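Q: Pasting in a structure now, in structure tokens, and then I'll have a few things to ask.
There are 2 protein chains.
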Amino acid sequence: MTDAHGPVLGFVGGGQLARMCALAAAPMGVRVKVLAAPSDEGAAEVAPDVVVGRADDPDALRAFAATVDVLTIDHENVDHATFAELEAAGVAVRPGVGTLRYSDKAFQRQEFAAAGLPVPDFLVVEASDPTAAGQVDEFASRHGGRVVLKASRGGYDGRGVWILDAAEVPEFLQSYEGAPLVVEPLLPLEREVAVLVARRPSGEVAVWPVVETVQVDGMCDEVLAGGSVLPTGLEAEALRVGARVAEVTGVVGVLAVELFVVDGAVVVNEIAPRVHNSGHLTIEGTQTSQFEQHVRAVLDWPFGPTGLTAPYAVMRNVVGGAEGDPRDRQAVTLGQVPEAHVHLYGKASRPARKVGHVTVLGDDLDRCRAQAQLAADLLAGD
Amino acid sequence: MTDAHGPVLGFVGGGQLARMCALAAAPMGVRVKVLAAPSDEGAAEVAPDVVVGRADDPDALRAFAATVDVLTIDHENVDHATFAELEAAGVAVRPGVGTLRYSDKAFQRQEFAAAGLPVPDFLVVEASDPTAAGQVDEFASRHGGRVVLKASRGGYDGRGVWILDAAEVPEFLQSYEGAPLVVEPLLPLEREVAVLVARRPSGEVAVWPVVETVQVDGMCDEVLAGGSVLPTGLEAEALRVGARVAEVTGVVGVLAVELFVVDGAVVVNEIAPRVHNSGHLTIEGTQTSQFEQHVRAVLDWPFGPTGLTAPYAVMRNVVGGAEGDPRDRQAVTLGQVPEAHVHLYGKASRPARKVGHVTVLGDDLDRCRAQAQLAADLLAGD
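Written as structure tokens, this is what we have:
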């Protein structure tokens, strides 16, 4: 029913990030295709052009790439070798393979340290290395006796992270099987913040105001923007670090940098070379959303402005509850919080699964937080 | 790939209004189905569940209605008899047949006059009535010798409207074949404004700030919101008229009321019992868009707030030009007007065809107007 004008943007992965990008791309006349695993649910409802296939299946990736102008990602768990092959063959893969390598936390820490970016003290060990336990013990003794161990690959939303006393480490290493571990101090966090950066192929970047992220059980629960999230000098430093990470990783598209604030300074916690949960409030809360900006970046279109549209914006995730489904609780939620911007991802509700988010804008931060929490709780059935 | 939670909303007609409603419905977890004519292009790109069928085909309508929870419309050119039959059978048809009758301009004028709403002086004639020419001549003689004739059904975007000298009327009536004509004075318009109203089944209404509409060749070209579109007393009167029209027509959903400002007072020009071009700027320019509010209204969900998100909002339509396609002119447009909110409808570009719109927000009205015009012109290839 359509003709051939406008670019075709292909997403590898069909979760909520591809879904929200597709919803941002449609008004711009950009056609979106999605390579979705059978279990992906978010994007299929909004993108008519969904191909079922796995992100780690080289043949599926090759066939899909041949049908799009630009290839981008919903998640980083893609087949890097095939991405490299496609990139070498001239496909516009954005972010490229050079950026995707930074999803490996060990590689990321080493490269960032070498680039002079502020990172926590760290150590990379292989659990099978007989000297590992000794190395971690020595590291722990310099950092108060407790350490954080992170699997360098495969972790998300708090999975793949362990906080241990030095004495627990040897037993842990004996039972652990998996990617190399990054060992870090348990830092006395003042707060956690995030910087979102978009970067075009030319290197031009756009940054959004710094947001504060509130984590519960290692999963982002609430994001706050507006007012003075950080003192002026520290905000400028956070934005500088964000832009520098974009440059070092060479990302094309949106990239999120999660930062710890420790002793009045920022250090890089981790990054995601894609649109990110910490940026969902940009849909209503800033002049150009992360999703639209990602589309503009990967198509090499000029950026939109990134200023806040209201004094404060607060986002809360909607997490599946014990029973029922948020899609059946809209009327009661909007009755209590009519100003809530509700985003549900079309995913079946299960306990602890992110199935949506809510954003509330306003000029009173406490009220925004309370209303966002109320709406999220009502949707979750809590 | 999805389960059965959340309501299913069916649109009869698959143009840009259904498309933009579908884009507003998706974040709320509302599943949208579209009954689209083969020539409809707007909605198919964003709604995976498109059924091809005609809005005036009773069997297609019946089959479609059986698959949705609520039936609504993209346009009013639907089969009223079948809508009445579905309504009688208990289908939630919103707006209902009682409201759709107001699409007939003769019926609308007569009912509004009877309800005490401010309307221009008018006359309804059948061209085949031998007394018609005499009636129009007498009417014209009371109104400066010139009249506006409007086909009571079937006109849009300036089509079906004729401005004639009294002397031209007899020949026009002889050649005219079609629906009864509404005859009106050629009013000395100070400006044209529009009021958008949403109404729930309970009668609860929400209104947006009054907007000014700028028409070129009978087609809406530019819409302005913010500041003082009208003096305070007149704005209140316009909003009162809008709410009263919603009540009289019994609309469920969004309804647009186009008003003339004449001699410092408002009179109803015409209405559309659906989302409307004059409300496109509500997507970014107000807290809840007309598209989201329409979805909330027809599902009987509580309304969102309707205040402006910026001091001014300006929308301009993008009209197809002589060559090329706006979807291929995005990079140059966004390079010149990075803050433009571009909406393209996925329709093939043809001269004089509305293929998209642009909205610009800001605190300087003149700059908003200039930037919106520049972006629309660049997209159109002018």
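Note that the protein sequences, when read in sequence, are chains A and B. Remember, my numbering sits 39 above the position in the first sequence when you count from 1. Remember, my numbering sits 39 above the position in the second sequence when you count from 1. Even glycine gets a Cβ: it sits at the ideal position worked out from N, Cα and C. As the structure is a prediction and not an experimental result, all values here were calculated from the model.
Who are A:Arg-355's beta bridge partners in DSSP?
A: A:Glu-261, A:Val-397
Q: Taking 7 angstroms as the threshold (beta carbon to beta carbon), is B:Asp-367 in contact with chain A?
A: By the rule that beta-carbons nearer than 7 angstroms mark a contact, B:Asp-367 touches chain A.
Q: Give me the Cα-Cα distance between A:Thr-41 and A:Gln-213, rounded to the nearest whole angstrom.
A: In this predicted model, A:Thr-41 has a pLDDT of only 43, less than 50, meaning its place in the structure is not dependable enough to derive any value.
Q: Classify B:Ser-191 as buried or exposed, calling it buried when 16 or more other Cβ atoms lie within 10 Å of its own Cβ.
A: buried
Q: Could one say the Cβ of A:Gly-374 lies closer than 7 angstroms to chain B's Cβ atoms, at least one of them?
A: yes
Q: Is A:Arg-366 buried or exposed, if buried means 16 or more other CB atoms sit within 10 Å of its CB?
A: Looking at its Cβ environment, which holds 16 or more other Cβ atoms inside 10 Å, A:Arg-366 is buried.
Q: Tell me, please, whether the segment 345–363 of chain B touches the segment 252–268 of chain B by the rule of three or more beta-carbon pairs shorter than 8 angstroms.
A: Result yes; three or more Cβ-Cβ pairs closer than 8 angstroms.
Q: B:Asp-168 CB to nearest chain A CB: under 7 angstroms?
A: No, no contact with chain A.
Q: Determine, using beta carbons only, whether A:Asp-364 comes closer than 7 angstroms to chain B.
A: yes
Q: With C-beta atoms as the reference, is B:Val-132 less than 7 angstroms away from B:Leu-100?
A: no
Q: Give the residues of chain B in contact with A:Gly-318, contact being defined as C-beta atoms less than 8 angstroms apart.
A: Contact note: A:Gly-318 does not reach chain B at a C-beta cutoff of 8 angstroms; the least C-beta distance is about 15 angstroms.
Q: In terms of DSSP beta bridges, what is A:Val-236 paired with?
A: A:Val-246, A:Leu-294
Q: Residues of chain A with a CB under 8 angstroms from the CB of B:Val-433: which are they?
A: The shown model of chain B, from 40 to 421, leaves out residue 433 of chain B, and the question about it has no answer.
Q: Can you give me the C-alpha to C-alpha distance between A:Val-306 and A:Glu-251, rounded to a whole angstrom?
A: 14 angstroms
Q: Along the segment 346–365 of chain A, where does the CB come closer than 8 angstroms to a CB of chain B? Name the residues.
A: Thr-348, Ala-349, Asp-364, Pro-365
Q: Buried or exposed: which applies to B:Gly-112, given that a residue is buried once 16 or more other Cβ atoms fall within 10 Å of its Cβ?
A: Just to set this straight, residue 112 of chain B is Ile in the shown sequence, not Gly. By the 10 Å Cβ count, B:Ile-112 comes out buried.
Q: With 16 other CB atoms within 10 Å as the buried threshold, where does B:Gln-369 fall?
A: In summary, B:Gln-369 is buried, with 16 or more beta-carbon neighbours lying within 10 Å of its beta-carbon over all protein chains present.
Q: Consult DSSP for A:Gln-326 and reduce its assignment to one of helix, strand or coil.
A: The answer is coil: DSSP assigns A:Gln-326 none of H, G, I, E or B.
Q: Closer than 8 angstroms, Cβ to Cβ, to anything on chain B: give me those residues from the segment 331–343 of chain A, in chain order.
A: Arg-335, Leu-338, Asp-339, Trp-340, Pro-341, Phe-342, Gly-343
Q: Measure the C-alpha to C-alpha separation of A:Asn-308 and A:Thr-271 and round it to an integer number of angstroms.
A: 21 angstroms
Q: How far does the alpha helix (DSSP H) with B:Gly-374 in it extend, from its first residue to its last?
A: 369–375
Q: Okay, do the segment 75–86 of chain B and the segment 54–63 of chain B touch, 3+ Cβ pairs below 8 angstroms being the bar?
A: yes
Q: For B:Arg-70 and B:Arg-93, I'd like the C-alpha separation in whole angstroms.
A: If I take the Cα positions, the gap works out to 21 angstroms.
Q: Mind reading off the beta-carbon distance from A:Leu-225 to A:Ile-202? Whole number of angstroms is fine, and I expect it under 8 angstroms.
A: Beta-carbon to beta-carbon, A:Leu-225 and A:Ile-202 are separated by about 6 angstroms, close enough to satisfy the 8 angstroms threshold.
Q: Please state whether DSSP places A:Phe-161 in a helix, a strand or coil.
A: Here A:Phe-161 carries a coil assignment [DSSP, helix/strand/coil].
Q: Let me know if B:Gly-385 comes out buried or exposed under the rule of 16 or more other beta-carbons within 10 Å of its beta-carbon.
A: buried
Q: Any idea what DSSP makes of A:Asn-116, helix, strand or coil?
A: coil
Q: Contact criterion: CB-CB distance below 7 angstroms. Does B:Pro-134 meet it with respect to chain A?
A: No, no contact with chain A.
Q: Nearest-angstrom Cα distance between A:Ala-128 and A:Ala-104?
A: 11 angstroms
Q: Would DSSP call B:Pro-350 helix, strand or coil?
A: coil
Q: So what's B:Val-255 in DSSP terms, helix, strand or just coil?
A: strand
Q: Write down every uninterrupted run of the alpha helix (DSSP H) in the segment 162–231 of chain A whose length is 4 residues or greater and which is fully enclosed by it, in chain order.
A: 171–181, 208–214
Q: Quick one: does B:Glu-223 have its CB under 7 angstroms from some CB of chain A?
A: no
Q: Between A:His-44 and chain B, is any beta-carbon pair separated by less than 7 angstroms?
A: yes
Q: Within the 7 angstroms Cβ cut-off, does A:Ala-57 reach chain B?
A: So no, A:Ala-57 is outside the interface.
Q: So is A:Leu-269 buried or exposed if we call it buried at 16+ other beta carbons inside 10 Å?
A: buried
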